[in-house]
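FYI, in the numbering used here the residues of the sequence shown are 521 to 1120. Quick reminder that beta carbons are idealized off the backbone N, C-alpha and C, glycines included.
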Amino acid sequence: MIEIHRNDSVDETPAEAPTPGFHVTMNKPKTRHLKQLIKTNGQSRTLLRFGAVVLVLSVLLSLISPLLIRRLVDQFRHGVDWRLLIAIGALMIGSTALAAWGNYLFSAAGLAIVKETQNQTLAKILAKPVAFFDQTPSGQLTSRLTNNLDQIKNYYTAGYPSLISGIVTIIGAVGMLVYMNGILTLLLVGALLIMYGLLSGLANQLGAPMDAFLDEAGHYTAGITEAFANIRLIKANTAEHQITAASQDQTAAMRREGLRVAKVMSRMQPIMSTILLLILGGTLAVGGYFVSTNRMTNGTLISFLVLVIQVANPMLNFSSYSASQKEADSAAKNLLAQLAAAGEDDSPKETKLLTTQLQHQPLALHQVSLDYGNGHGVHNLDLTLIPNQLYALVGPSGAGKSTLMAMLERFYTPTSGTLQVGDTPAACFALTAWRQHLAYVPQTSEVLSGTYRAYLQLAAPQASDADLNQALAAVQLTDFIASLPAGLDSQIAEAGTNMSGGQKQRLTIAQALLKKADIYLFDEITANLDADSEAIIRDLIRQLAATHTVLAAAHRLSSIRDADQVIVLENGRITGQGTPAELLTRNTTYARFVQEQSLA
């Protein structure tokens, strides 16, 4: 049975523990993290302020209308005052137009905040060390990032403008209600406060089930993302049923948590409707009494009812405003944690001598160890790579060959020991500068969607068509590219599914050649190549080694038979180093490999 496992190890731990539930607080909204998120975005702050002013003007115009309605109704006995009627219509149209404009400004501000945050967060995540991505499922990371940004966008495009207009409406309308009839206003405010207290209590019950539902939704998204990415593996093993069954378990969990949310939400609407009817009925009853005793005019009663409706609407929605605000601030806290998290140390350091040193001085590991925490890794490695030499790295699967190359690329920081260029520790050089001088071709052919041209230019943006064609010719891909409908400008399918494994491998090698690096690291690059292609790549590696440092890991010893030095790695330790002839007589592991592959 294939299961979609939960993994809560994503590095989104906020600085302080989140408080469960939705806490409705009108006087002190909890937007500290939202404010911190937008304080560096000048454009969004300007749009928010301007949008707030426009919305306030819209509300003020809408509050004037009931006063004119009162005059209009009270003058009906003398006929219809068309000027008042036109003025009321103009006020309503103006208020609607301003509200639409204000909402647009808030939407623009929300999109600006999301755009800037997206760019900053992606840059920060990409700057994290490789170990972070080893521990974090990509689907879960994508889901959480997307959900956080959606919550912030929804708050600024819907919740925040409604909150501002609601507060202004309540303050203005209550003031006008007091002016019209203080006693009736006190009764109304008391009823609204009772309603607000009931809804706040329900909103507080919504927090835990809503958090659980969103958590389950994130795990579901991560699971199906992984399934779609590995669809060939699933179909080859006819595992559709297992994946569907695991997905059904996850959707059942989502339904269970969704029902908990629904139980709370289902009580809110009836309570709100009942209280609103009681408020309107009570207002009509008391107001009718005042009218019958000549303590209130008909126009005042109708205006009072209009204002009651204007006040009731934001009061009814304050619980949802608060929920939206809490969700958005929690999302901002998560994003700020990502932005504040430490990435790889790429501070400006010495770079001027790096090219000269890598070309003329040995690259050495001195007693280097890396512990993954599960007993795997490499231990006490002592290795010196001299420029213009071809080094072959051999050993059984899991011996640590890929880990050694990752150490040279500085994907991981050694647990102990040092990596040096000559007498200079590698840590003295910025990571970006360091990696610009190393070309790494991984064991798995990893290609990015886009055009072939864009992929080849990934590490060499200035490469000309002549450079691209030269690199393609070196790996015998010229005819393949020429056969494509748009040549270099044709699209690579997701994960390179429109290429064979060998074509992807050679395309990756061509990209590495365009980098014009000082050191080349090849990790099992002939695994997907036929005999003819392997011979071409073997000759290419030999040519590179004449002017560069080359380290090539291989299971097929035929691909590294011309190596100047062979390094034998077993259980994370170097157990032998020398020429192929030397190791054949003094290293039993290498001799066994040679015998098994009939290369003696």
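Which residues in the same chain have their Cβ closer than 7 Å to the Cβ of residue i, if we skip the five residues on either side of it in sequence?
{"i": "D601", "result": "L592 and Q595"}
{"i": "K555", "result": "none"}
{"i": "V941", "result": "Q877, L878, Q881 and L883"}
{"i": "A629", "result": "S564, L567, L568, G571 and Y676"}
{"i": "A737", "result": "M774"}
{"i": "S663", "result": "G738, T741 and A742"}
{"i": "I584", "result": "L611"}
{"i": "I522", "result": "No answer about I522 holds up, because its pLDDT of 35 lies below 50 and its placement is not dependable."}
{"i": "Q1031", "result": "Y975, L976, L978 and A979"}
{"i": "K1130", "result": "What is shown of the chain runs 521 to 1120, which leaves residue 1130 out entirely."}
Using alpha carbons as the reference points, say which of the options lies closest to residue i.
{"i": "P934", "options": "L913, Q887, I906 and V1088", "result": "Q887"}
{"i": "A728", "options": "L605, I606, G717 and E777", "result": "E777"}
{"i": "Y841", "options": "G679, L821 and L827", "result": "G679"}
{"i": "A993", "options": "Q982, F931 and I1056", "result": "I1056"}
{"i": "G1122", "options": "S564, A1083 and S969", "result": "Here the chain covers residues 521 to 1120 and nothing more, so residue 1122 does not appear."}
{"i": "V634", "options": "I558, S786 and L1008", "result": "I558"}
{"i": "L800", "options": "Q768, Y624, L1049 and L708", "result": "L708"}
{"i": "I703", "options": "L905, G802, L1041 and T1028", "result": "G802"}
{"i": "M816", "options": "N701, F626, P945 and V831", "result": "N701"}
{"i": "L706", "options": "G807, A643 and P962", "result": "G807"}
{"i": "T637", "options": "N750, A946, A860 and P962", "result": "A860"}
{"i": "L928", "options": "P1100, D1043 and D1050", "result": "D1043"}
{"i": "I691", "options": "D943, D735 and V579", "result": "V579"}
{"i": "L642", "options": "A1002, G863, Q1097 and V967", "result": "G863"}
{"i": "Y1136", "options": "L779, D654, W621 and T616", "result": "The chain is shown from 521 up to 1120; residue 1136 falls before or after that span and cannot be answered."}
{"i": "F626", "options": "A647, L605 and V574", "result": "V574"}
{"i": "L605", "options": "W621, A1030 and P586", "result": "P586"}
{"i": "I1001", "options": "L1027, L913 and F748", "result": "L1027"}
{"i": "Y972", "options": "A926, A651, I1039 and Q1011", "result": "Q1011"}
The beta strand (DSSP E) with residue i in it runs from where to where?
{"i": "T1105", "result": "From DSSP, T1105 is part of no beta strand (DSSP E) but of the alpha helix (DSSP H) over P1100 to R1106."}
{"i": "S936", "result": "S936 to V941"}
{"i": "Q1085", "result": "Q1085 to E1090"}
{"i": "L1049", "result": "Here L1049 belongs to no beta strand (DSSP E), and DSSP marks it neither H nor E."}
{"i": "L1148", "result": "The question about residue 1148 has no answer here: the residues shown for the chain are numbered 521 through 1120."}
{"i": "L885", "result": "L883 to D891"}
{"i": "A1073", "result": "T1069 to A1073"}
{"i": "G863", "result": "Per DSSP, G863 belongs to no beta strand (DSSP E) and is neither H nor E."}
{"i": "G897", "result": "G897 to L905"}
{"i": "Y932", "result": "Taken as a continuous stretch (DSSP letters only), Y932 belongs to no beta strand (DSSP E), as it is neither H nor E."}
{"i": "L913", "result": "L910 to V914"}
Identify, in the order they occur along the chain, each residue of the same chain with its Cβ nearer than 8 Å to the Cβ of residue i, setting aside the five sequence neighbours on each side.
{"i": "I589", "result": "I608, G819, I822, S823 and V826"}
{"i": "G999", "result": "The question names Gly, but residue 999 in the sequence shown is Asp. Once the five neighbours on either side are set aside, D999 has no close Cβ partner at all."}
{"i": "K548", "result": "Confidence is the limiting factor: at K548 the pLDDT is only 45, short of 50, which leaves the residue's position unreliable, though a coordinate-based value still follows. Excluding positions up to five away in sequence, the list is empty."}
{"i": "T1051", "result": "Strictly speaking, residue 1051 in this sequence is Ala, with Thr absent from that position. Excluding residues within five positions, none has a Cβ falling inside 8 Å."}
{"i": "E1102", "result": "none"}
{"i": "I1094", "result": "L901, D902, L903, I1087 and V1088"}
{"i": "L1104", "result": "Y1110, A1111, V1114 and A1120"}
{"i": "I1144", "result": "Within the shown structure, residues of the chain are numbered from 521 to 1120, placing residue 1144 beyond reach of any answer."}
{"i": "A1065", "result": "N908, Q909, L910 and D1084"}
{"i": "A1037", "result": "Q956, H957, L958, A959 and H1068"}
Grab me the residues of residue i's own chain with a C-beta within less than 6 Å of its C-beta, minus the 5 sequence neighbours each way, in chain order.
{"i": "E746", "result": "G659"}
{"i": "M546", "result": "Since pLDDT at M546 reaches only 36, below the 50 mark, its modelled position is unreliable, and the value read off the structure follows with that caveat. The answer is none, since no qualifying residue turns up."}
{"i": "A619", "result": "S578"}
{"i": "T1108", "result": "none"}
{"i": "L581", "result": "L611, G614 and S615"}
{"i": "K673", "result": "G630 and V634"}
{"i": "A832", "result": "L796"}
{"i": "P1100", "result": "V1086"}
Going by DSSP, what residue range makes up the alpha helix (DSSP H) through residue i?
{"i": "S922", "result": "K921 to L928"}
{"i": "N667", "result": "S658 to N674"}
{"i": "G1177", "result": "Past the edges of the chain, shown from 521 to 1120, lies residue 1177, and the structure says nothing about it."}
{"i": "Q655", "result": "V650 to Q655"}
Just checking residue i against the ligand MN - is the residue's beta carbon closer than 6 Å to any of the ligand's heavy atoms?
{"i": "A1083", "result": "Of ligands this structure carries none, so the ligand MN is not represented either."}
| Start-end ranges of the alpha helix (DSSP H) lying completely within the segment 794–860, minimum 4 residues | 818–860
| request: Entirely within the segment 559–613 and at least 4 residues each: give me those alpha helix (DSSP H) ranges in chain order. | output: Segments of the alpha helix (DSSP H) lying fully in the segment 559–613: 562–594.
| Do three or more CB pairs link the segment 1106–1119 to the segment 1076–1091 at distances below 8 Å? | yes
| query | Enumerated in chain order, which unbroken segments of the alpha helix (DSSP H) with a length of 4 residues or greater are wholly contained in the segment 744–780? | reply | Whole alpha helix (DSSP H) segments, 4+ residues: 751–756.
| field | the segment 767–776 / the segment 710–725 touching (three or more Cβ pairs under 8 Å) | value | no
| Those runs of the alpha helix (DSSP H) which lie wholly inside the segment 953–1004 and span at least 4 residues | 972–976, 985–994 and 998–1002
| query | Does the segment 1083–1094 touch the segment 1021–1028, meaning 3 or more C-beta pairs lie closer than 8 Å? | reply | no
| message | For the pair the segment 910–923 and the segment 947–958, tell me if three or more CB-CB distances fall below 8 Å. | response | no
| message | Closer than 8 Å is the cut-off here; do at least three beta carbon pairs connect the segment 974–982 with the segment 1059–1067? | response | Contact fails between the segment 974–982 and the segment 1059–1067, because fewer than three Cβ pairs, one in each stretch, are under 8 Å apart.
| said: If contact is defined by three or more beta carbon pairs under 8 Å, each pair taking one atom from either stretch, is the segment 680–690 in contact with the segment 784–794? | reply: no
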